[in-house]
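Colleague: My questions will all concern the structure given below.
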Amino acid sequence: MVWIIQFFVRHRTLTTLSITVVLSLWMMSGSREQQQRVSRALLMTVFFPLNYTLSLTSTVRNIFSENKRLRAETAAQQVKIALLEEKAAENQRLRYLVGFEDNFPYDVLPARVLMHDPSPALRSVVIGAGRRQGVTVSMPVIARNGVAGRVVQVLPTISLVQLLRDPASRTSVMEKKSRTVGILECANGRDFFFRVRTHVPIAKGDTVITSGLGGIYPGGIGVGTVEKISADANPLFNRAFVSLFVDFDRMEEAFVVRLAPQWSAFRAEVDSLRLVP
Amino acid sequence: MMREVAVWILVFVLALALQGSVVPAVAIAGITPDVPLIALFFFAVRMGCLPGILAGFLLGLCQDLYSPSLLGQNAFACTLCGWFAGMFNDRVMRTDPLLKGVILAAAFFLRDILVGISSTAAGEGSLTATAGDLLFRTLPRSVYSLALVSCFFIWAMYFKPSRRK
Numbered sequence: 042m043v044w045i046i047q048f049f050v051r052h053r054t055l056t057t058l059s060i061t062v063v064l065s066l067w068m069m070s071g072s073r074e075q076q077q078r079v080s081r082a083l084l085m086t087v088f089f090p091l092n093y094t095l096s097l098t099s100t101v102r103n104i105f106s107e108n109k110r111l112r113a114e115t116a117a118q119q120v121k122i123a124l125l126e127e128k129a130a131e132n133q134r135l136r137y138l139v140g141f142e143d144n145f146p147y148d149v150l151p152a153r154v155l156m157h158d159p160s161p162a163l164r165s166v167v168i169g170a171g172r173r174q175g176v177t178v179s180m181p182v183i184a185r186n187g188v189a190g191r192v193v194q195v196l197p198t199i200s201l202v203q204l205l206r207d208p209a210s211r212t213s214v215m216e217k218k219s220r221t222v223g224i225l226e227c228a229n230g231r232d233f234f235f236r237v238r239t240h241v242p243i244a245k246g247d248t249v250i251t252s253g254l255g256g257i258y259p260g261g262i263g264v265g266t267v268e269k270i271s272a273d274a275n276p277l278f279n280r281a282f283v284s285l286f287v288d289f290d291r292m293e294e295a296f297v298v299r300l301a302p303q304w305s306a307f308r309a310e311v312d313s314l315r316l317v318p
Numbered sequence: 794m795m796r797e798v799a800v801w802i803l804v805f806v807l808a809l810a811l812q813g814s815v816v817p818a819v820a821i822a823g824i825t826p827d828v829p830l831i832a833l834f835f836f837a838v839r840m841g842c843l844p845g846i847l848a849g850f851l852l853g854l855c856q857d858l859y860s861p862s863l864l865g866q867n868a869f870a871c872t873l874c875g876w877f878a879g880m881f882n883d884r885v886m887r888t889d890p891l892l893k894g895v896i897l898a899a900a901f902f903l904r905d906i907l908v909g910i911s912s913t914a915a916g917e918g919s920l921t922a923t924a925g926d927l928l929f930r931t932l933p934r935s936v937y938s939l940a941l942v943s944c945f946f947i948w949a950m951y952f953k954p955s956r957r958k
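Quick note, the sequences are listed as chains A and B, same order.
When you line the first sequence up against the numbering used here, it's residues 42 to 318, in that order.
When you line the second sequence up against the numbering used here, it's residues 794 to 958, in that order.
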């Protein structure tokens, strides 16, 4: 017995090699069921710490993949939410417009704003209604809050609307309380004003409406409120600066008022005057 | 001594974890380096034959347990690889890095030959397939592994802060 132990100690490398090789061969020679039993026994005893560590690694890997999947899902949900919010806002606007259309005394044609003028001054917009919908040149265009502009060009399905912001635009307006009439102008695309006599009692906060005298806009439509009064170059007049009701930058819908210009009846006569040699 | 053993155990666990997680992501044409075998090689070269045999057996057994291969197949191959690498123990003979690379490549071939033979013996393969695998899988894998080890050697020789001092 001592001899055997001494042999093992002296030739421990060879002995260990032999034992491990024999063990390996024994495991290989076993049937599948036997191998599975040995595997399970080893995993639950000797290799349990390693098994636990590797399972933690796979858990971490799963967490990473789950995190990635959840990020993608969150992004998709956020897009959905944004779309739904947009729909809800549009729904609210349209509900308001339906009510507006019913209460407004003129025949109006609702149209979506398709394109804004790319210039910073934002002088015009394109709306999605044209000749086929009965739109003609010089028809007034209003937004939900007030006057927006007038149609200057008509194509079969779209129209170009000149906004009040256009420096070339002139609109006849009236201060609601004093009934003072003036011409609304805009020189720089931001500041709107009309001239009033210095003795006219006009104050900040007074409402300005269309006068109906210009021939394009019907009277009584809201334009804005007086923001400030300042002296004009002409000492007989003051300038009443107006803050418009309509926010042109955020205009998404518009109404074309189906109203022919009041001066259209005289057009033929004017044209005939031109033809006279 | 105990500290060194603990460090090596950690290295083996890390090598197995890397082989199962990160290494497949750096595969080139389906060829991956064999990180556990590299770790076993350096362990055996540093510690000798007996620790190499024991570490090889346990490491191979781990691989058998976590792969659908024949139980004992990798244990058998890695045991002999550990013994083979342990014969070039640093305490017995000093070998330069180039020779170490050749021995590592030989270890790769030895392991795959033993796995092929055991598969053939178990009726799950053939010697012809083993020969093909040696050419098309073992050779590229050993080259890839040697490239990785070379990078580590270059870093250790020239860029390691303690070396530069």
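Every residue gets a Cβ at the ideal spot worked out from N, C-alpha and C, and that includes glycine.
When you compare the segment 885-899 of chain B with the segment 861-873 of chain B, are there three or more beta-carbon pairs, one atom per stretch, that lie closer than 8 Å?
Modeller: Short answer: they don't touch.
Colleague: Cutting at 7 Å between CB atoms, please list the residues of its own chain near A/Lys269, excluding the five before and the five after it.
Modeller: If we look at A/Lys269 and ignore the five residues flanking it on each side, its Cβ neighbours are Lys245 and Phe282.
Colleague: Using the three-state DSSP reduction, which class does A/Ala116 fall into: helix, strand or coil?
Modeller: Of the three classes helix, strand and coil, the one that applies to A/Ala116 here is helix, per DSSP.
Colleague: From what residue to what residue does the beta strand (DSSP E) around A/Asn279 run?
Modeller: Per DSSP, A/Asn279 belongs to the beta strand (DSSP E) from Phe278 to Leu285.
Colleague: Consult DSSP for A/Gly265 and reduce its assignment to one of helix, strand or coil.
Modeller: Looking at A/Gly265 - three-state DSSP - the assignment turns out to be strand.
Colleague: Checking contacts by CB at 8 Å: is A/Ser72 closer than that to chain B?
Modeller: Not closer than 8 Å to any Cβ of chain B, the Cβ of A/Ser72 fails to qualify, so no.
Colleague: Could you check the C-alpha separation between A/Phe49 and B/Val806 for me, to the nearest Å?
Modeller: Cα-Cα distance, rounded: 30 Å.
Colleague: Give the DSSP-derived three-state secondary structure of B/Ile896 in the structure shown.
Modeller: Reduced to three states, the DSSP call for B/Ile896 is helix.
Colleague: Exposed or buried, what is A/Val188 when buried is set at 16 or more other beta-carbons lying within 10 Å of its beta-carbon?
Modeller: Label assigned to A/Val188: buried.
Colleague: Compare the C-beta of B/Trp801 against all C-beta atoms of chain A and say whether one is closer than 8 Å.
Modeller: Not an interface residue.
Colleague: Could you pull the start and end residues of the beta strand (DSSP E) that A/Arg236 belongs to?
Modeller: Here the beta strand (DSSP E) through A/Arg236 covers Phe233 to Arg238.
Colleague: Out of B/Ser943, B/Tyr937 and B/Phe946, which has the shortest C-alpha to C-alpha gap to B/Ala822?
Modeller: It is B/Tyr937 whose Cα lies nearest to the Cα of B/Ala822.
Colleague: For a quick check, are the C-beta atoms of A/Val167 and A/Ile199 less than 8 Å apart?
Modeller: Yes; because the gap between Cβ atoms is below 8 Å, this pair is in contact.
Colleague: If you draw a straight line from the C-alpha of A/Gln174 to the C-alpha of A/Met215, how long is it?
Modeller: Using only the alpha carbons, I get a separation of about 31 Å.
Colleague: For A/Glu294, which beta-bridge partners are listed by DSSP?
Modeller: The partner list for A/Glu294 (beta bridge, DSSP) reads A/Arg153.
Colleague: Is it the case that the Cβ atoms of A/Val267 and A/Pro181 are separated by a distance below 8 Å?
Modeller: Not in contact: A/Val267 and A/Pro181 (Cβ atoms no closer than 8 Å).
Colleague: Note down, in chain order, every chain B residue with its Cβ under 7 Å from the Cβ of A/Phe88.
Modeller: Here the neighbours are Cys855 and Leu858.
Colleague: Measure the C-alpha to C-alpha separation of B/Ala915 and A/Thr86 and round it to an integer number of angstroms.
Modeller: The straight-line gap from Cα to Cα measures roughly 27 Å.
Colleague: Quick test of the definition: if touching needs 3 or more C-beta pairs under 8 Å, does the segment 836-849 of chain B touch the segment 869-876 of chain B?
Modeller: Yes: at least three Cβ pairs fall under 8 Å.
Colleague: Using 8 Å as the threshold, is the C-beta distance between B/Arg934 and B/Pro826 below it?
Modeller: Cβ atoms of B/Arg934 and B/Pro826: closer than 8 Å.
Colleague: Quick one: does A/Arg23 have its CB under 8 Å from some CB of chain B?
Modeller: Here chain A comprises residues numbered 42 to 318, so residue 23 of chain A is not present and cannot be evaluated.
Colleague: Indicate whether at least one CB of chain A lies closer than 8 Å to the CB of B/Ile906.
Modeller: Chain A contact via Cβ: absent.
Colleague: Roughly how many whole angstroms lie between the Cα atoms of B/Lys958 and B/Arg796?
Modeller: Model confidence at B/Lys958 stands at a pLDDT of 47, short of 50, so the residue's coordinates are unreliable; what they give is reported in the following sentence. Computed Cα separation, rounded: 25 Å.
Colleague: So with Cβ pairs under 8 Å, would you call A/Thr198 a contact of chain B?
Modeller: It does not; no Cβ of chain B falls within 8 Å.
Colleague: Here's the rule I'm using: 16 or more other beta-carbon atoms within 10 Å means buried, otherwise exposed. How should A/Met156 be labelled?
Modeller: So A/Met156 ends up on the exposed side.
Colleague: Applying the 10 Å Cβ sphere with the 16-neighbour rule, what's the burial state of A/Arg164?
Modeller: By the neighbour-count rule (16 or more Cβ atoms within 10 Å), A/Arg164 is buried.
Colleague: Looking at the C-beta of B/Phe901, does it have a partner C-beta in chain A at a distance below 8 Å?
Modeller: Not one chain A Cβ lies under 8 Å of B/Phe901.
Colleague: From A/Arg185 to A/Arg220, what distance separates their C-alpha atoms?
Modeller: Their backbone Cα atoms lie some 23 Å apart in a straight line.
Colleague: In angstroms with no decimal places, state the Cα-to-Cα distance between A/Phe296 and A/Arg206.
Modeller: When rounded, the distance between both Cα atoms is 17 Å.
Colleague: Taking B/Val885 as part of the beta strand (DSSP E), name the residues at either end of that continuous run.
Modeller: Neither: B/Val885 is in no beta strand (DSSP E) and is coded neither H nor E.
Colleague: Would you identify the three-state DSSP class for A/Val222, choosing helix, strand or coil?
Modeller: A/Val222 falls in the strand class under three-state DSSP.
Colleague: So what does A/Pro197 bridge to, in DSSP terms?
Modeller: In the DSSP output, where bridge partners are listed per residue, A/Pro197 has none listed.
Colleague: Can you tell me where the beta strand (DSSP E) holding A/Val176 begins and where it ends?
Modeller: No beta strand (DSSP E) contains A/Val176, which DSSP labels as neither H nor E.
Colleague: Skipping 5 residues on each side, what residues in its chain have a beta carbon closer than 7 Å to that of B/Ser881?
Modeller: The question names Ser, but residue 881 of chain B is Phe in the sequence shown. For B/Phe881, where only same-chain residues beyond five positions count, the Cβ hits under 7 Å are Val838, Thr888 and Ile896.
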